[in-house]
Amino acid sequence: MFNEGRFWERTQAGELRAVVAKERIPSEVDDVTIPLGSVSQEVRYYDQDNNEVARIHWYIKPDGSIGGSGLPDPKRLMVNGILYRLEKKTAQPDADPTTTD
1270 MFNEGRFWER TQAGELRAVV AKERIPSEVD DVTIPLGSVS QEVRYYDQDN NEVARIHWYI
1330 KPDGSIGGSG LPDPKRLMVN GILYRLEKKT AQPDADPTTT D
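The opening residue of the sequence shown carries number 1270 in this note's numbering; numbering runs sequentially from there.
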C-alpha cells in the first residue's frame, strides 16, 4: 500500500510534508546494516490540508543515508479514509498445559 500510494515519492516531490515526531540514538542495534551512531526516527507525512496520511520509521546512518533497506518502513497509512496500522508486538505468557479452566 505504501509503494502503491507513492507516499515516499510524493514526499520527495514536495506534495506531502514530512515531520520528525520522535528521534533517539539507540545504544545498540540488532541490524548489521545499521551502524552505531545511527538515529532512529519516527516521521509523519501530512497532506496539503495538514491531515496525517502516513507514519514511517527509519534509521539515519551517520553518513546521512537511510539504514536497513534504504527506504522508509511504513507503520500507519491513511488510504481512502481508512487507517491501516501495524500493531505493536506484546509478550504473550506461555500457556501452562498442566492447568485447566
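C-beta atoms are modelled at their ideal positions from N, C-alpha and C, and glycine is treated no differently.
Here's the rule: buried if 16 or more other CB atoms are within 10 angstroms of the residue's CB, otherwise exposed. What is residue i?
{"i": "Val1312", "result": "buried"}
{"i": "Tyr1314", "result": "buried"}
{"i": "Gly1350", "result": "exposed"}
Identify whether residue i lies in helix, strand or coil by the three-state DSSP scheme.
{"i": "Gln1310", "result": "strand"}
{"i": "Glu1273", "result": "coil"}
{"i": "Glu1284", "result": "coil"}
What is the rounded straight-line gap between the Cα of residue i and the Cα of residue j?
{"i": "Leu1346", "j": "Ala1287", "result": "14 angstroms"}
{"i": "Val1298", "j": "Gly1339", "result": "16 angstroms"}
{"i": "His1326", "j": "Asp1318", "result": "22 angstroms"}
{"i": "Val1301", "j": "Lys1330", "result": "12 angstroms"}
{"i": "Arg1285", "j": "Pro1341", "result": "The residue you asked about is not Arg; residue 1285 is Leu in the sequence shown. Distance between the alpha carbons of Leu1285 and Pro1341: 14 angstroms."}
{"i": "Lys1358", "j": "Val1308", "result": "22 angstroms"}
Taking 8 angstroms as the CB-CB limit, is residue i close to chain C?
{"i": "Asn1319", "result": "Absent from the structure is chain C; it holds one protein chain and no more."}
Tell me, please, which residues DSSP counts as bridged to residue i.
{"i": "Leu1346", "result": "Ala1323, Tyr1353"}
{"i": "Val1289", "result": "Val1312"}
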